Every structure is written in C-alpha cells, then in structure tokens.
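Peer 1: Handing you a structure now.
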Amino acid sequence: MAGAVPIERVKETERVLAFHHTNPSYPVHIVVIPKEHVPSLTDLGNSGEDLLHEVVAVVREVAAGVEKEYGSCSVTTNLGMYQESKHQHWHVLYRGESEAEIRDMYGNHD
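So in the working numbering the end of the sequence shown lands on 944, straight run, no missing numbers.
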C-alpha cells in the first residue's frame, strides 16, 4: 500500500494514518487506517486492542474537526461484503446535507 497512490494526509501517528479518500463519495470523505495490515475489525483480536484504541483516538480527533467545521459528521466501518478494501478502515464523512435536511431525517437534538 505504501506510496501506491498519492494521498493528502489529515493526521498521522506512528501506527495510524488518516487521509482524504482518493475517490471520494461525499464532499468530505476521510479514511483512517492502521498502518499495520489488519483485514477487518473482527480480525483484530484481543492482542490488537491497543492498536484499536489508537485508531479510534484518531477517528475521534478527525471526526471532531469535521463536525466543528461542517456541523455534522458520520463515522462508519464495514465488514464482509460491505468492505471493498480488505484492510481495516474507518470512514469519516460529511455528506453535504443542509441542516434542515439533517433535522428532517434525524429530528432536532439541540
């Protein structure tokens, strides 16, 4: 994976990388991955809990920045047939809906 495609880094630690998706589906589409190969979240195992905590800390930081800038954020990870890339990853998204559209979908949570 390293260097295969140029990426725009958002955040990087020794073991985790967050970058803008190279083929985004949304106005903001950031991917967070462990640098070490892990096929999926369920393959991580108990020995990978420290890595999972580090990945989630980066996801949380990136998501907080997206939410602050755009007012909303969605965080997802996929398994099985939903997982196009067989390397554990999280998506941090701003899908582009207006505040009114979000309130229509999810209600007012002020």
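Heads up, the beta-carbon is just placed ideally off N, CA and C, and yes, glycines get one too. Since this is a predicted model, take the numbers as computed values, not measurements.
Inspect the beta-carbon positions of Gly856 and Glu888 and report whether they are closer than 8 Å.
Peer 2: It is worth fixing the name first, because residue 856 is Thr in this sequence and not Gly. No; because the gap between Cβ atoms is not below 8 Å, this pair is not in contact.
Peer 1: Are the beta-carbon atoms of Gly930 and Pro861 separated by less than 8 Å?
Peer 2: It is a contact, given that the beta carbons lie within the stated cut-off.
Peer 1: Under 7 Å Cβ to Cβ from Val866, same chain only, skipping five residues before and after it: list those, please.
Peer 2: Taken in chain order, the residues that qualify are Val850, Ala852, Val889, Val892, Val893, Val896, His923, Trp924 and Val926.
Peer 1: Go through its chain and collect everything with a Cβ distance to Glu842's Cβ below 8 Å, but skip five positions before and after it.
Peer 2: Cβ neighbours of Glu842 beyond the five flanking positions: Phe853 and His854.
Peer 1: Report the residue from Leu886, Ala898, Val900 and Lys845 whose alpha carbon sits nearest the alpha carbon of Glu870.
Peer 2: Answer by Cα proximity: Leu886.
Peer 1: Would you tell me roughly how many angstroms separate the C-alpha atoms of Gln917 and Asp877, rounded to the nearest one?
Peer 2: Each residue's Cα considered, the two are about 13 Å apart.
Peer 1: Using the DSSP secondary-structure output, state which residues sit across from Glu846 in a beta bridge.
Peer 2: Answer is Leu851, bridged to Glu846.
Peer 1: So, helix, strand or coil for His887, using DSSP?
Peer 2: Three-state DSSP puts His887 in a helix.
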